[in-house]
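Contents: one structure, followed by commentary.
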Amino acid sequence: MDEKKSLYINGKKVLIEGEKNLLEIIRKAGVDLPTFCYHSELSIYGACRLCLVDVEGRGIMAACSTEPQEGMKIKTTTDEIRQIRKISLELLLANHAHNCPTCSKSSFCKLQEVARKHGVEEVRFKKIQKSSALDYSTYSLVRDPNKCILCGDCVRACNEIQGIGAIDFAFRGSDATVLPAFGKDLSMVECVDCGQCARVCPTAAITPKSEISEVWKAISDPTKTVIAQVAPAVRVALGEVYGYASGEDTTGQIVSALRIIGFDKVFDTAYSADLTIVEEATEFLERKTKGEKLPIFTSCCPAWVKFAEQYYPDLLPNLSSCRSPQQMFGSVAKEILSKEIKKDKKDIVIVSIMPCTAKKFEAKREEFIKEGIAEVDHVLTTQELARMIDQAGIVFKQLETESLDMPLGFKTGAGLIFGNSGGVTEAALRYLYEKVSGEKLEQFEFQEVRGNESIREATINIAGNDVKVAIVHGLANARKVADKVKKGLCDYDFIEVMSCPNGCIGGAGQPVTFDVKTKKDRTRGLYEADKKLQLHKSQENHFVTDLYRSTLEEPGSHLAHEMLHTNYSARRRVSDTEIQILNGSAKEKLEISVCVGTSCYLRGSQDLLYKMIDHIESNNLQDRVDVKATFCFEQCDRGPSVSIGGKVIEGCTLKKACDEMQNALKK
Amino acid sequence: MMTDTQTMSRSRQFSKVCEILERYSYDSTKLIPILQAVQEEYRYLPEEVLTFVATSLNLSPARVYGVATFYSHFALQAKGKYLIRVCDGTACHVKGSVSLIEVIQEKLGLDEKKRTTPDMLFTLETVSCLGACGLAPVVVINDEIHGQMTKEKTNALIDEIISMEKSYVPRNN
Ligand code: SF4
Ligand code: SF4
Ligand code: FES
Ligand code: FES
């Protein structure tokens, strides 16, 4: 026998080449098995029982959770397998909501596709589940439990990719559901709106929330000027919906389509990405010179920002204070255009087209809405743009290409590669190199920061100085790196964090795909688009330079801070959580709450709470106070936090608390 | 209004939860025994306490909620002072447990959904087989087993508790 191990699939000999399960090897051999709960990026769950195969001598088993073994004889289709599969599918369909024609996932739904392919023509079972209410609570996603098939893909994505666990299985048997903690709305728990759960869901149980009708409404309102900004990652993915190869740059067609739809101007988020680089690199250099607040973390991913606010309040000073390119664009565009076309900001409607669901949440953050006017009014995902194109009756494949409008449609390749993991770092390096060395950078590609691994490091020497960078994607990985930073176990200068696997091109708003190769193609597409442009460095974007000359003065100026920067604050993860400790019987009581959230807890708040109770009891005050243990006053970096009669005491000690209690009770 | 005894117990309960966590060295693999111990303290698993336990164990609240809802042994709703459990296992069912359930529901104004009386005195649950089939039908009130029950006996049992509770005047209001 030769050294290579092999097995037999439908009688054909196939080599075992490191595949971890039968499913992979069968797919390699060109046979497609249906799956719901298998996702090559996630752990194996083996629950949907769709990927069944018959292994001679062992019977019917799930291919995704069976290890390939020498000499196995596998049949991928038998009468029995077809029978079981059909019954499984019928059972799933029986409990699934029956509104396919109006479902937003309709043509991309895996359940529909698999049922059709496997010849399910009727459903012989009755629905036993009651209908549940839809969850519209977040700006980014809609949860429709009636469409859930309990494959658990979303649960594993949130846990394994993002390290969050905002949703999980609850209850059991026929009552089992996927829910946020305590069945709360998704907006009330620690979800960061990244949408990775929606990206992997085979049905429409979790989907990006649509803003299409709001956008149509703005377009048909003659008093509004409607502006589009298109993010880098969108242009290398939208074509997938219309039969273009993934990674193919369809910017020209997108511009035509947006004009037909009725947008007054079509601009590029890559322009404001160039602007971001100038600001962020300047900020970095300043910190590096002063030796403070390092490493700097990038801040262009809103899901990461929310994550940091929830889990790493003490690292918030390290986040770059730069707004994301989306928000910089909105701020600059409204300012410039309102002067140029002499229109009130409220009549200029900025619509971003983004690969991302978290951008919807970002646009609604209160820091970005001033006097009721948002910097960015609506955010459409790539998927929603495709739907609008269809609704307008546009035949995408037949569109002529058109050019973006100027000046905010002008970008360099540095702004474009923002859509790839490592792109922000590379763009920043292209700027830093010339700025610090004073020399022209000839070879502008930094291959050492590119790649697929989810945590990458590189050290770049610029004019004798080493700049140590780290690039992470996926928040579970960001957690690993952030923990190292907190413990002082690393000496990075610059850390890029993107929540979605492989960066924005893998965003949850992108066209639905279950093929990992798609992401590689999109990544390559953006690097190629960079190559094709004339300019590759943000500092060469003369419209950015113009903006400084006409308005912002210089990078990091006071006005630049006002228009392009932001601030962050600690954020509690789960709402409404207070544990009643003492509940006095007097009519007028002093309200006391002690934070037992993670940060305060580590600073000894629990102990403080006990001592305060001792003090209250030994002074016989228990009737006159209400004491609660609560989670997070959102001042975690200054804990332990205690609130007494509405007054929050940071860095609270027993003495401070007792003094304040005495004071307040005297009144 | 809260009574003094309840007030005192609240702070004791919270320190108990901390003790329990300590006893299990904040080990998240011990979640189930931890939840059991916490439930013994509160008689159910209040949401905010579960969040506290989750955060302390470095687990997501959704995961802890998932575990707490998976096992029927855990209660997420506050239970009444008297927990009435009627067995509806095969033996008890055959001997007419359903009519006992109906009698209690009617008497206390409870139904499938509403399991606890508004005054927090009674909670009614049905369970499948308590392992006391020889005594079927069985009604258990706070761990006290009452066998070979009839509608009349059940009625009397509840009346007895009600009148006993009426004569109890809590301190402090
Ligand atoms: S959007 Fe992201 S954080 Fe929220 S539940 Fe889904 S995967 Fe988890
Ligand atoms: S929501 Fe979607 S991904 Fe999650 S278990 Fe249900 S069907 Fe699967
Ligand atoms: S894909 Fe194998 S059991 Fe679901
Ligand atoms: S943990 Fe955030 S303020 Fe206490």
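Chains as they are written, first to last, in numbering that gives the first Met the number 0: chain A, 0 to 666; chain B, 0 to 172. Quick reminder that beta carbons are idealized off the backbone N, C-alpha and C, glycines included.
Residue-chain proximity (residue i, chain B), Cβ-Cβ < 8 angstroms
i         : result
Gln-326/A : no
Tyr-310/A : no
Pro-179/A : yes
Gly-118/A : no
Thr-597/A : yes
Leu-581/A : yes
Ala-93/A  : no
Ala-169/A : yes
Tyr-44/A  : no
Gln-605/A : yes
Chain A contact for residue i (CB, 8 angstroms cutoff)
i         : result
Val-48/B  : yes
Phe-13/B  : yes
Phe-73/B  : no
Thr-68/B  : yes
Gly-88/B  : no
Ser-108/B : Here the sequence assigns Gly to residue 108/B, which means Ser is not the residue at that position. False, the Cβ-Cβ gap to chain A never drops below 8 angstroms.
Cys-17/B  : yes
Ala-61/B  : yes
Tyr-43/B  : no
Gly-130/B : no
Gly-146/B : no
Tyr-23/B  : no
Simplified DSSP state of residue i, which is helix, strand or coil
i         : result
Val-85/B  : strand
Ser-271/A : helix
Tyr-310/A : helix
Glu-590/A : strand
Gln-509/A : coil
Ser-498/A : coil
Lys-264/A : strand
Ser-568/A : coil
Met-119/B : coil
Glu-334/A : helix
Phe-296/A : strand
Met-669/A : Since the first residue shown for chain A is 0 and the last is 666, residue 669/A is missing from the structure and cannot be characterised.
Met-0/B   : Residue placement at Met-0/B is flagged as unreliable, the pLDDT there being 37, under the threshold of 50; a coordinate-derived value is accordingly withheld.
Asn-9/A   : coil
Arg-142/A : strand
Pro-201/A : coil
Asp-167/A : strand
Glu-143/B : strand
Asp-606/A : helix
Val-480/A : helix
Pro-221/A : coil
Cys-17/B  : helix
Spatially closest choice to residue i from the options, by CA coordinates
i         : options                                    : result
Glu-159/A : Glu-616/A, Asp-606/A, Gly-596/A, Pro-500/A : Pro-500/A
Cys-200/A : Ala-362/A, Gly-508/A, Leu-653/A            : Gly-508/A
Thr-175/B : Arg-572/A, Leu-607/A, Asn-662/A            : Any property of residue 175/B remains undetermined from this structure, which presents chain B solely from 0 to 172.
Leu-689/A : Arg-570/A, Ser-42/A, Glu-40/A, Leu-51/A    : In the structure as shown, chain A starts at 0 and stops at 666, and residue 689/A therefore has no counterpart that could be examined.
Leu-156/B : Ser-71/B, Ala-90/B, Thr-89/B, Ile-83/B     : Ile-83/B
Tyr-41/B  : Asp-613/A, His-535/A, Gln-579/A            : Gln-579/A
Thr-297/A : Lys-434/A, Gly-162/A, Asp-174/A, Tyr-491/A : Tyr-491/A
Thr-249/A : Cys-193/A, Leu-525/A, Gly-371/A, Lys-358/A : Leu-525/A
Pro-207/A : Leu-185/A, Val-225/A, Asp-220/A, Lys-223/A : Leu-185/A
Gly-133/B : Thr-125/B, Ser-127/B, Gly-146/B, Thr-68/B  : Gly-146/B
Asp-31/A  : His-117/A, Ala-272/A, Ser-556/A            : His-117/A
Val-141/A : Cys-147/A, Leu-133/A, Ile-148/A            : Leu-133/A
Gly-45/A  : Ser-642/A, Gly-151/A, Val-543/A            : Gly-151/A
Cys-153/A : Tyr-37/A, Leu-88/A, Glu-247/A              : Tyr-37/A
Ala-462/A : Val-484/A, Leu-428/A, Gly-596/A            : Leu-428/A
Interface partners of residue i on chain C, CB under 9 angstroms
i         : result
Glu-577/A : Here chain C cannot be found, since the structure's protein chains are A and B.
Rounded distance between the beta-carbons of residue j and residue i, thought under 8 angstroms
i         : j         : result
Lys-588/A : Asp-625/A : 5 angstroms
Val-496/A : Val-471/A : 5 angstroms
Lys-627/A : Glu-561/A : Not a contact, Cβ separation roughly 39 angstroms.
Leu-75/B  : Ala-67/B  : 6 angstroms
**OP:** For ligand 3, list every residue whose C-beta falls under 6 angstroms from any of its heavy atoms, going in chain order.
**Re:** Thr-34/A, Phe-35/A, Cys-36/A, Tyr-37/A, Gly-45/A, Ala-46/A, Cys-47/A, Arg-48/A, Leu-49/A, Cys-50/A, Ala-61/A, Cys-63/A
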